[in-house]
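S.K.: Please see the structure below; I have some questions.
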Amino acid sequence: IKEFDAFVWTQEVSLGRRRFTLCQIENLTENQIPAIHLKESFKGKTAVVLAGGPSLDELLPWVQQHRKDLLVIAVSRIGLSLLKAGIQPDIFVSIDPHPINLNVCRDMLEFQDSALLVNDFHLASNLLSSWGGQKVFTGPRYPWPTPLEPENLPPTIGTTVTNNALALAVELGVAQIILGGVDFCFSQQGYTHANGSAEHTMGPMPQLTDQQVETNGGMMADTMHVFLESAGPLDEVAQRAITQGCRTINPAPSSMRLPHVEHISVDDIQIESMEKSARDILVKAVPPADSNHRTRLYNEVLGEVDRMLTELKAIKELSGKALNYNRKLFAKEGAGIGFHNKEKVERIEEQLNKKYPETTTFVRGFGINRFTPILRLDDDRYVEDLEESCRLYHQAMVDTSNELIEILRLTRTRVMARLEEEKPQPNLKRLLEQWRHDQQPGRAIQWAKQHVNAVNQLPEAQQQQLRDFQNTFDASVEELGRKYITRFERGVELDGTASRAREYFLTVDKEALVRLLAGLQAHRDKKEATHFVPLVQGYLAELDGKPQKAIEAYQGTAEGPAYIEVLMRLFELYTKIEDTSSALNVL
88 IKEFDAFVWT QEVSLGRRRF TLCQIENLTE NQIPAIHLKE SFKGKTAVVL AGGPSLDELL
148 PWVQQHRKDL LVIAVSRIGL SLLKAGIQPD IFVSIDPHPI NLNVCRDMLE FQDSALLVND
208 FHLASNLLSS WGGQKVFTGP RYPWPTPLEP ENLPPTIGTT VTNNALALAV ELGVAQIILG
268 GVDFCFSQQG YTHANGSAEH TMGPMPQLTD QQVETNGGMM ADTMHVFLES AGPLDEVAQR
328 AITQGCRTIN PAPSSMRLPH VEHISVDDIQ IESMEKSARD ILVKAVPPAD SNHRTRLYNE
388 VLGEVDRMLT ELKAIKELSG KALNYNRKLF AKEGAGIGFH NKEKVERIEE QLNKKYPETT
448 TFVRGFGINR FTPILRLDDD RYVEDLEESC RLYHQAMVDT SNELIEILRL TRTRVMARLE
508 EEKPQPNLKR LLEQWRHDQQ PGRAIQWAKQ HVNAVNQLPE AQQQQLRDFQ NTFDASVEEL
568 GRKYITRFER GVELDGTASR AREYFLTVDK EALVRLLAGL QAHRDKKEAT HFVPLVQGYL
628 AELDGKPQKA IEAYQGTAEG PAYIEVLMRL FELYTKIEDT SSALNVL
């Protein structure tokens, strides 16, 4: 079952690349400086990678103590924890393409004047456009092959931003990496994230766990599939780091044990002093993105978008012709028409593959969900399926090309607005319309900060419109926060808890029952959790050989989702001690 779940997850990720590509297109003008400029810039130094797991709080005091001799790389969601701890990170890493990421990472914006943002190419555009500080990107700038693609650090495999942060540290050439909050499992109390996060505020979520792993401290901990999907690739990065002379250390006893990550107490970690601050090294390594640089990039992107629009229009036209010929090919009347049209369809396919091979492949990849219905398993219906499959294929080519043409037309308008931003006296009406259309109030705020003189020369009405973007930004962040919490609130239900507890009981897994009990006792929905607490307490008493204590626990269960299981346990216990009257009452 675990292997099947992993297979299904892999297919879902593959079919879900559309969101990433859309963000990549939105970010064509924002991904300006490749992160490869950072490569090998911290040779021999010590980096600390801080993520959002429950063990983060344990390492922060040590980071404070050794701050001046560390390169601090933080995932973007832990900004609030760093603010509370008074720790200034050197680098933030962010990758999530979903707009809700702006709310999750809003506290990161407090550090934009003094930290470098390393974003993956598909970071949510509302967050990326709100960042006013230095930034570099990883992965490809363009979603299609082009000679204009700059050399860069590759995108990282893995579902969490932590994978990107560790891979970045290795690329920087450091000698050792200390991990904090990189757990890939729940805490013993059932928390999935560090204190201060929205997830921690929601309380333990024992209902989310579906597997167990061994920790550095030798205990078992609950985890879920999405964590394990990132743990494997992270360990592969740690293994590769060893071949480059870099060791990876996780001092947290509660973190998942990984083969190529050492577990060493913080008291035994040795670090060398840094002659220059990490900030000074980064400033020297990253070239500035001034107005001239941005203007050159915008013009390059504009030319590339125009090239793609020309090819997409040609592909759409050819695919439309093929669709028409295909319809005639399978027409019931007209002898000889079929073969003639078959040749025409084949010539169009040959033309697409020879003249526009890369763009045709891009179209197929972007529209993958339109092409999947073509896959057939019924050989008995080959002729009927062939006719329908050909129709579906050419229609998918037409529809996907049409969709991409519309997307790139909007992109072209956005690029022109970016060029307008660089003018000494821009058309502010045009800029305001673009920022509103893109839902990027943060970009308006940053532009106003960077063009104070131009703003001061504007009429008061337009200055007020710019000031209004701050309120729009705050309101959008709050709305995203409400959506984020609502999503988690849907998951606080404890469906399946009774079954999981019974599985632990039947397999004599006392540690798992103890963790489940701790999570239930601290669960956000106290009323719902009380249905299961007596059940787990009774199971533990039985495993401890205390039947009377178990009976007392079970008797405290109210009617609800665990009640039938409790009655079954009481009947068995009463039968064992030959208390027939009580056993009959239970029945």
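Sequence positions in the sequence shown follow my numbering and run 88 to 674. All C-beta atoms, glycine included, are put in the ideal place defined by N, C-alpha and C. Bear in mind that the values here come from a model prediction, so they are computed numbers and not experimental data.
Name the DSSP bridge partner or partners of Ile435?
M.R.: DSSP, once it has assigned bridges, lists no residue as partnering Ile435.
S.K.: Using DSSP with H/G/I as helix, E/B as strand and the rest coil, what is Pro121?
M.R.: strand
S.K.: When you compare the region 242-252 with the region 113-128, are there three or more beta-carbon pairs, one atom per stretch, that lie closer than 8 Å?
M.R.: no
S.K.: Between which two residues does the alpha helix (DSSP H) holding Gly529 run?
M.R.: Element bounds for Gly529: 528-537.
S.K.: Between the alpha carbons of Gln526 and Ile402, how many angstroms are there, rounded?
M.R.: 31 Å
S.K.: Name the residue from Ala281, Lys614, Gln549 whose alpha carbon lies nearest to the alpha carbon of Gly140.
M.R.: Ala281
S.K.: Considering Val223, what are the terminal residues of the beta strand (DSSP E) in which it resides?
M.R.: 222-225
S.K.: Anyone know if the C-beta pair for Leu622 and Thr594 falls short of 8 Å?
M.R.: no
S.K.: How would you call Gln512, buried or exposed, if buried means at least 16 neighbouring beta carbons within 10 angstroms?
M.R.: exposed
S.K.: Would the region 614-630 count as touching the region 641-659 if we require 3 or more Cβ pairs under 8 Å?
M.R.: yes
S.K.: For Glu349, write down the residues that DSSP places opposite it in a beta bridge.
M.R.: Ile336
S.K.: Between the Cα of Arg517 and the Cα atoms of Pro528, Gly529, Met503, which residue gives the shortest distance?
M.R.: Cα-wise, what sits closest to Arg517 is Met503.
S.K.: Please identify the residue among Met289, Arg414, Val392 whose C-alpha is closest to the C-alpha of Leu497.
M.R.: Val392
S.K.: Identify the residues that DSSP records as bridge partners of Ala541: which are they?
M.R.: DSSP lists no partner for Ala541.
S.K.: Which class does Ser181 belong to by DSSP, given the choice of helix, strand or coil?
M.R.: Here Ser181 sits in strand by DSSP.
S.K.: Excluding the 5 residues preceding and the 5 following Asp666 in the sequence, name in chain order all residues of the same chain whose CB lies nearer than 8 Å to its CB.
M.R.: none
S.K.: Starting from the Cα of Arg334, find the closest Cα among Leu240, Ala548, Val136 and give me that residue.
M.R.: Val136
S.K.: The alpha helix (DSSP H) with Asn213 in it runs from where to where?
M.R.: 212-215
S.K.: Whose CA, out of Ser212, Leu169, Ser216, lies closest to the CA of Met195?
M.R.: Ranked by Cα distance from Met195, the first of Ser212, Leu169, Ser216 is Leu169.
S.K.: Mind checking Thr310: buried by the 16 CB within 10 Å criterion, or exposed?
M.R.: With 16 or more Cβ atoms within 10 Å of its Cβ, Thr310 is classed as buried.
S.K.: Could you tell me whether the region 478-492 touches the region 182-192, where touching means 3 or more Cβ pairs closer than 8 Å?
M.R.: no
S.K.: Specify the secondary structure class of Val470 as computed by DSSP and reduced to three states.
M.R.: In this prediction, Val470 has a pLDDT of 47, which is less than 50 and means its spatial position is unreliable; what the coordinates show is noted afterwards. Reduced to three states, the DSSP call for Val470 is helix.
S.K.: Helix, strand or coil: how does DSSP classify Gln298 here?
M.R.: strand
S.K.: Do you know offhand how far Leu167's Cα is from Leu146's?
M.R.: 15 Å
S.K.: What's the C-alpha gap between Arg569 and Asn543?
M.R.: 36 Å
S.K.: Leaving out five residues before and five after Pro237 in sequence, what residues of the same chain have Cβ atoms less than 7 Å from its Cβ?
M.R.: Cβ within range, chain order: Pro121, Arg228.
S.K.: Just to confirm before moving on: does the CB-CB distance between Val223 and Val373 stay below 8 Å?
M.R.: yes
S.K.: Among the candidates Lys636, Gly632, Glu652, whose CA atom is the shortest distance from the CA of Glu590?
M.R.: Ranking the options by Cα distance to Glu590, first place goes to Glu652.
S.K.: Could you check how far apart the C-beta atoms of Val150 and Gly267 are, in whole angstroms? I think they sit under 8 Å.
M.R.: Right, the Cβ-Cβ distance comes to about 7 Å (below 8 Å), so this counts as a contact.
S.K.: How should Asp377 be labelled, buried or exposed, when 16 other C-beta atoms within 10 angstroms of its C-beta is the threshold for buried?
M.R.: Exposed, by the Cβ-count rule.
S.K.: Mind checking which residues open and close the beta strand (DSSP E) that includes Asn206?
M.R.: First-last of the beta strand (DSSP E) with Asn206: 203-207.
S.K.: For Gln175, name the three-state secondary structure that DSSP assigns.
M.R.: coil
S.K.: Taking just the CA atoms, how far does Leu115 sit from Ala562?
M.R.: 27 Å
S.K.: Rounded to the nearest angstrom, what separates Leu692 and Thr448 at their Cα positions?
M.R.: Outside the shown range of the chain (88 to 674) lies residue 692, about which nothing can therefore be said.
S.K.: Mind the definition here: the region 600-615 touches the region 314-321 only if three or more C-beta pairs lie below 8 Å; say whether that holds.
M.R.: no
S.K.: Should Thr446 go down as buried or exposed, given a rule of 16 or more other Cβ atoms within 10 Å for buried?
M.R.: buried
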